[in-house]
Every structure is written in structure tokens, then in C-alpha cells.
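Residues 1310 to 1417 in my numbering are what the sequence shown lists, from first letter to last.
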Amino acid sequence: MLHARLAGYLNCSFAVGISHQDQFAPRADVVGPKHKFFFAPSQFEKRKKDWGKGVIEDKIDKATRMIIEDAARWLTFDTHAGLISGMASNAALVAGSANTKIGHMVEV
1310 MLHARLAGYL
1320 NCSFAVGISH
1330 QDQFAPRADV
1340 VGPKHKFFFA
1350 PSQFEKRKKD
1360 WGKGVIEDKI
1370 DKATRMIIED
1380 AARWLTFDTH
1390 AGLISGMASN
1400 AALVAGSANT
1410 KIGHMVEV
């Protein structure tokens, strides 16, 4: 197990994206720090409370715009007409050979 292998080096342990935290029970014999949970909707609500109305939304909007502007430099899109046309790009994605600089849109 990862916790045992990292023993004295592990400072924290996060479970990320668990929507049913009440159903997640870490093993009692786990070595090291106690698990903490990170669930984006809960964190979003916490930040809204901590930072005040509209601040988290503004930060997310600004970050999203930066990502979109940066992607415009290197990302291109191929449009495929119909599911059959898009199957080759999907097969490449599944095989791990898809070009990560090309986004694929399938129009149905």
C-alpha cells in the first residue's frame, strides 16, 4: 500500500472528488496521516463563504479566460459530420495515439 511504502515521507493524504464521503471508510490500519477529503462543490461553497459574494466566481472566470486564451495559441479543432466520421478520432484517443493539439467535434 502507498501509505506504508511512503511511511515517514507522507505529510498528508487526500481523497479527491468523492461525492459520497459518508460511504468512504479508510482502513483502520493505514499508516501515516489521516485522510482528508477534497470535493470541489464543497470547496466552492467554503470559498464563497470565506471570500464573500462574487469573488470565487470572478476568480474562476478570470482563470477560465486565461486558459482559453492560451489554448487559442496551440489548439486547433477538427469537425466531423456524423458519428461514423468521428469514430477514427475516438479510436485514436482510446489507443493513446491522438494528437493532443487537436480537439474533435462531432456534429450529429
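Yeah, the Cβ is synthetic: ideal placement off N, Cα and C, and Gly gets one too.
Helix, strand or coil: which one does DSSP assign to A1324?
strand
What's the gap between the Cα of K1410 and the Cα of G1395?
Distance between the alpha carbons of K1410 and G1395: 16 Å.
If you compare alpha carbons, which of N1408, K1357 and D1359 is closest to W1383?
N1408
Per the DSSP calculation, E1416 is bridged to which residue(s)?
A1390
Backbone CA spacing between K1355 and H1344 [nearest angstrom]
Going from the Cα of K1355 to the Cα of H1344 covers about 19 Å.
Which residues in the same chain have their Cβ closer than 6 Å to the Cβ of T1385, if we skip the five residues on either side of it in sequence?
These residues qualify, in order along the chain: I1411.
Which class does T1373 belong to by DSSP, given the choice of helix, strand or coil?
In this structure, T1373 counts as helix in the three-state DSSP scheme.
Can you tell me where the beta strand (DSSP E) holding F1353 begins and where it ends?
Segment A1349 to W1360 is the alpha helix (DSSP H) holding F1353; no beta strand (DSSP E) there.
Run of the alpha helix (DSSP H) containing L1384, from where it starts to where it stops
DSSP places L1384 outside any alpha helix (DSSP H), giving it a letter other than H or E.
Of the choices A1401, I1393 and A1404, whose alpha-carbon is the least far from that of K1416?
Note on identity: in this sequence residue 1416 is Glu, with Lys being the wrong assignment. Among A1401, I1393 and A1404, the Cα nearest to that of E1416 belongs to I1393.
Can you tell me the Cα-Cα spacing of A1397 and F1347, whole angstroms?
36 Å
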